[in-house]
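Chemist:
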Amino acid sequence: MGETQILGRGGRVAGSVVSSLLAAVVLGWVIRDLTVGGPEGLWWHWAGQAAGYGLRRSAYTTGEDVLLLVLYAVVAVKVMRSASAAVLLAATGALTVALRLPATVGLVQAADGGDMFGGPHPGPSRPRPVPSSAAWS
């Protein structure tokens, strides 16, 4: 008697393919960073100590990307046979959003030139004279 599976075969295959594609994209960026800075420089960059190792602004990946790479690879394999495939995919998606959202907001703000919701903040507004206060002076 098999376990009841919430997600159908098509959903499992789609989840596995998406996880595999995400892992391939992150792996591509890690390989790119390895070719630019070498393994030692990249390791120190991921550890937050890249200042003396020549990889300053040229690395695109962080330690979080390595975590996501491993997670995507594990989920791509496990989701095909696990009874909790839906939970695995939902947790992976939530973690991806939690780790990627700050960078995405930062990119949007940099491209927008300021605040994401309407440009640079105008600063504190000056109090306007009220007509009734002008009549008393």
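Residue numbers (our numbering): 8 to 144.
For every residue, glycine included, the Cβ atom is placed at its ideal position computed from N, Cα and C.
These figures come from a predicted structure and were not determined experimentally.
1) Apart from the five residues just before and just after LEU106, which ones in its own chain have a Cβ nearer than 6 Å to its Cβ?
2) Can you give me the C-alpha to C-alpha distance between GLY44 and GLY15, rounded to a whole angstrom?
3) Quick one: using the 10 Å Cβ neighbour count with 16 as the cut-off for buried, is TRP88 buried or exposed?
4) Taking the alpha-carbon of THR42 as reference, which of ALA30, TYR67, ALA101 and LEU95 has the nearest alpha-carbon?
5) How is the alpha helix (DSSP H) around SER26 delimited, first residue to last?
6) Using the C-alpha atoms, what's the distance from VAL77 back to SER26?
7) Are the Cβ atoms of VAL84 and VAL37 separated by less than 9 Å?
8) DSSP three-state call for TYR67: helix, strand or coil?
9) Would you call the CB atoms of VAL86 and GLY22 closer than 9 Å?
Modeler: For this structure:
1) Here residue 106 corresponds to residue number 99 of the sequence shown, with the count starting at 1. The beta carbon of LEU106 is closer than 6 Å to those of GLU71 in its chain, skipping five residues each way along the sequence.
2) To locate residue 44, count along the sequence shown from 1; it is residue 37. To locate residue 15, count along the sequence shown from 1; it is residue 8. Roughly 43 Å between the two C-alpha positions.
3) Locating residue 88 in the sequence shown gives position 81, counting from the first residue. Checking the sequence, you will find Arg at residue 88 rather than Trp. The residue in question, ARG88, is exposed, as its Cβ has fewer than 16 Cβ neighbours within 10 Å.
4) Residue numbering aside, residue 42 sits at position 35 when the sequence shown is read from its first letter. THR42 has its Cα closest to that of TYR67, out of ALA30, TYR67, ALA101 and LEU95.
5) For the purposes of this step, residue 26 is taken as residue 19 along the sequence shown, with counting starting at 1. Unbroken alpha helix (DSSP H) run through SER26: 16-53.
6) Position 19 of the sequence shown holds residue 26. Position 70 of the sequence shown holds residue 77. Each residue's Cα considered, the two are about 10 Å apart.
7) Position 77 of the sequence shown, counted from the start, is the residue given in the question as residue 84. Position 30 of the sequence shown, counted from the start, is the residue given in the question as residue 37. Contact: no.
8) For the purposes of this step, residue 67 is taken as the residue at position 60 of the sequence shown. Of the three classes helix, strand and coil, the one that applies to TYR67 here is coil, per DSSP.
9) As a working mapping, residue 86 is identified with position 79 in the sequence shown. As a working mapping, residue 22 is identified with position 15 in the sequence shown. Closer than 9 Å, so yes.
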